[in-house]
Amino acid sequence: MLKKYIKKISEGQDLNKAEMIDAMTSIMEGNVSPEQVSAFLIAMKMKKESPIEIAASAQVMMEKATKLPVHIDDVLDIVGTGGDCLNTFNISTTSAFVLCGAGVHVAKHGNRGVSSKSGSADTLEALHVNISLTPQKAAYLLKTVGITFLFAQVYHQSMKYVGPIRKELGIKTMFNILGPLSNPACPDTYVIGAYNKEMADMMIRVYQELQVKRAIVVHGENGMDEVSLNGPTYITELKDDKIISYTIQPEDFGMRSCELSDLIGGDSEENASIFMDILQGRKGPKRDAVILNSALALYAHHKADTIADGITLAKQSIDTKAALHKFEQFRELSNQEVAL
């Protein structure tokens, strides 16, 4: 079923939107052999995926996904693509609660770790959060607390056809990119980390193709898929259907650079401990990294006019314990039976 597309891709030609939708639909419905899916993914990787191919794939994933029963305006997602293999702690997960404490509705779409020791799902589970929320419960938490967690395995059942193949291949494929593009809450604003500059430039064009209102894709020049506190960060921003790109450094905002080793995490238990230390007020490079990433997201969401203003708001969210309170409320309600 995929043979004609594999042939075209292997000859260096891009698939058009209709072809990519047809190919992805076949894959996500389990109508293709694992061997053909493997060949397709490797051929796409060798050719390099186009923005149209990725946008079409994301469209199919969203059509197949379980949806939230309600839509809430002005929702944000902050997530990395993974694949940087640096084993930093869960910066975007911690930032999500800082953002919630600052008044932003956050739909955190995440999964278990693939390229790191502990993904967002692993860390939240170690923090005794119920991560396997039903769509109804997830929507309730988003409305009630202002934040929710959307465990990818719950919403993307069609991924069961490609999960084992990805694991067997053991390489980054287009599905590393598709996760951040397929949040079931359909956020208005995305802040996404990419593991290289080429991917950042491609992803922002995908968001433009998908007609997303607002998106920022970041790549730390040390290889991080986050805003880096260890050197410059490349930022590419979609606003009003226009793309602008620039570079920032911690020193631009009066923050001190750190060593990459200062940002390394561990397993889910260690990352959970780091998460709590930061929300409880412990200072140091890890807190600063969370503040800088949160600040960019606050700017993206128009809660702050500038990144510098975002830093002030992020610090307030932590120092007033607003972020900690939101986490404790979220954790408690995630484990409670609620009449919906």
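Residue numbers (our numbering): -15 to 324.
Glycine included, each C-beta is placed from N, C-alpha and C at the ideal position.
With 16 or more other Cβ atoms inside 10 Å of its own Cβ, glycine 85 counts as buried. Separation of glutamate 19 and tyrosine 145 (C-alpha to C-alpha, rounded to the nearest whole angstrom) is 12 Å. Using a Cβ-Cβ distance cut-off of 8 Å, the stretch 219 to 232 and the stretch 248 to 258 are not in contact, since fewer than three pairs of beta carbons, one from each stretch, lie closer than that value.
Counting along the chain, the unbroken beta strand (DSSP E) around glutamate 221 starts and ends at 217 to 223. Under the DSSP assignment, serine 142 falls outside any beta strand (DSSP E); it carries neither an H nor an E label. Here the alpha carbon of leucine 125 sits roughly 6 Å from the alpha carbon of isoleucine 131. Annotated as proximal: methionine 4 and alanine 40, with beta-carbon spacing under 7 Å. The three-state secondary structure of arginine 150, taken from DSSP, is helix. Straight through space, the alpha carbons of isoleucine 176 and glycine 64 are spaced by roughly 5 Å. Bounds of any alpha helix (DSSP H) do not take in lysine 32, whose DSSP letter is neither H nor E.
Collapsing the DSSP output to three states places glycine 94 in a strand. Under DSSP, the beta-bridge partners assigned to serine 229 are Thr220. Where alanine 306 is concerned, there is no enclosing beta strand (DSSP E), although the alpha helix (DSSP H) around it starts and stops at 306 to 318. Rounded to the nearest whole angstrom, the C-alpha separation of lysine 287 and leucine -14 is 46 Å.
Setting aside the 5 residues that flank it on each side, threonine 220 is surrounded in the same chain by Ala184, Asp185, Ile188, Val201, Ile227, Ser229, each with a C-beta closer than 7 Å to its C-beta; the list follows chain order.
Cβ contact annotation for phenylalanine 237 (same chain, cutoff 8 Å, sequence separation greater than five): Leu276, Ala279, Ile291, Ala292, Ile295, in chain order.
Using a Cβ distance threshold of 7 Å, lysine 310 and phenylalanine 81 count as a contacting pair. The three-state secondary structure of leucine 165, taken from DSSP, is helix.
Minimum Cα-Cα distance from aspartate 6 among the listed residues Leu111, Tyr(-11), Gln137 corresponds to Tyr(-11). Only buried fits leucine 60, as 16 or more other CB atoms lie within 10 angstroms of its CB. 7 Å or more divides the Cβ of alanine 122 from the Cβ of proline 53. Under the three-state reduction of DSSP, leucine 60 is assigned to strand. In this model, threonine 304 and histidine 112 are separated by some 23 Å (Cα to Cα). In terms of Cβ geometry, glutamine 313 and valine 129 form a close pair [threshold 7 Å].
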